[in-house]
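In this note's numbering, the protein residues as written are 292 to 584. Just so you know, even glycine gets a beta-carbon here, dropped at the ideal spot from N, CA and C. Since the structure is predicted, the reported quantities are computational estimates derived from the model, not experimental observations. Here's the structure, in structure tokens; my notes come after.
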């Protein structure tokens, strides 16, 4: 019975020691996340805002809708200009058709003259005259087709402008690009948005990163992909443990950041590391953390 009691006491002490605040951590740091700032790509009044700070968004959710009236009016103007140019295009095609028909008539006349010329029924001058007329018509057709080419290029410019405006109209509906939590909302409904103006900041907090700092002598103890233990404050004298993975080690030394305080004397130069941790919701951006290798 005494042995059983002793085992229970030792086990309790061991568990408590695992949860107690760790005074011998190998590295200290603060948690951060990959934050993405979503900005407007068009100018206009914000008609709808569907997000709030702290809200979890899914990829593909609609976040904002920006007024597109100015873009639609610009698109209509370009389409009107395109229609005018298209009418010129049709006129030129009609001119080419007329000239080709005239040329066909002259070619038939030329064939008739060639037959008569074999029989010496007409003079060579009549053949020369008809060939001259055919040459003139061919030149006119080439000139008209040259005009047609410039108009065709102009139509291509209007098509490109129309596609560009249509793209901006689609981008006036702000679609959330990643799964994550809205950290900051910069713009509200009825405010004016502009190209490059931030609308909100979002981060995926399901996995969070502890940026910690180690001394040069500890570099040989770690490697990328290594599993480590990460601790955060649970109570005043207890820690909460997580499993983490080292994903990055800096190759340059730097001075210890002022926010990093340890119970040992701070070294002059340290190396930054990043430890990825699965977040159960308890870890917040900016919280301090400790690492044990």
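In the structure shown, residue 497 falls within a coil segment according to DSSP collapsed to helix, strand and coil. In the DSSP annotation of this structure, the continuous segment of the beta strand (DSSP E) that includes residue 531 starts and ends at 530 to 540. Scanning the stretch 403 to 468 from its first residue to its last, the whole beta strand (DSSP E) runs of 3-plus residues come out as 464 to 466. With 16 or more other Cβ atoms inside 10 Å of its own Cβ, residue 574 counts as buried. By alpha-carbon distance to residue 564, the top candidate from 407, 443, 521, 382 is 521. DSSP lists 321 as the beta-bridge partner residues of residue 579. Cβ contact annotation for residue 351 (same chain, cutoff 8 Å, sequence separation greater than five): 466, 467, in chain order. The beta carbon of residue 387 sits closer than 7 Å to those of 432, 435, 436, all from its chain and outside the five residues before and after it, given in chain order. Here residue 370 is actually not in contact with residue 333; their C-beta atoms are around 19 Å apart, not less than 8 Å.
Residue range 518 to 524 is occupied by the beta strand (DSSP E) that includes residue 522.
Leaving aside the five residues that flank residue 531 on each side, the residues in its chain whose CB is nearer than 6 Å to its CB run, in chain order, 523, 525. Residue environment for residue 414: exposed (fewer than 16 other C-beta atoms within 10 angstroms of its C-beta).
Among the bridge pairs identified by DSSP, residue 472 is matched with 347, 494.
For residue 338, the uninterrupted beta strand (DSSP E) segment begins and ends at 335 to 340. In this structure, the straight-line span from the alpha carbon of residue 412 to that of residue 404 is close to 9 Å. CA-to-CA, the gap between residue 354 and residue 324 works out to about 21 Å. In the three-state reduction of the DSSP assignment, residue 330 falls in the strand class. One Cα belongs to residue 519, the other to residue 497, and the distance between them is close to 18 Å. A straight line joining the alpha-carbon of residue 469 with that of residue 344 spans about 15 Å.
Put simply, of 537, 583, 440, 502 the residue whose alpha carbon is nearest the alpha carbon of residue 576 is 502.
DSSP lists no bridge partner for residue 486. When the five nearest sequence neighbours on each side are left out, the beta carbons in the same chain lying within less than 7 Å of the beta carbon of residue 330 are those of 487, 488, 489, 490, in order along the chain. Nearest C-alpha to residue 346 among 475, 419, 327: 475. By alpha-carbon distance to residue 529, the top candidate from 581, 546, 569 is 581. In the three-state reduction of the DSSP assignment, residue 503 falls in the strand class. Secondary structure at residue 479: coil, using DSSP grouped into helix, strand and coil. Under a 10 Å Cβ-count criterion, residue 320 is classified as buried, with 16 or more other Cβ atoms of the shown protein chains found around its own Cβ.
For a cut-off of 8 Å, the C-beta gap from residue 561 to residue 547 is around 5 Å, short enough to register as a contact. Under DSSP, residue 546 takes part in a beta bridge, and its partners are 560. When 376, 338, 455 are compared, the shortest CA-CA separation from residue 446 is found for 376.
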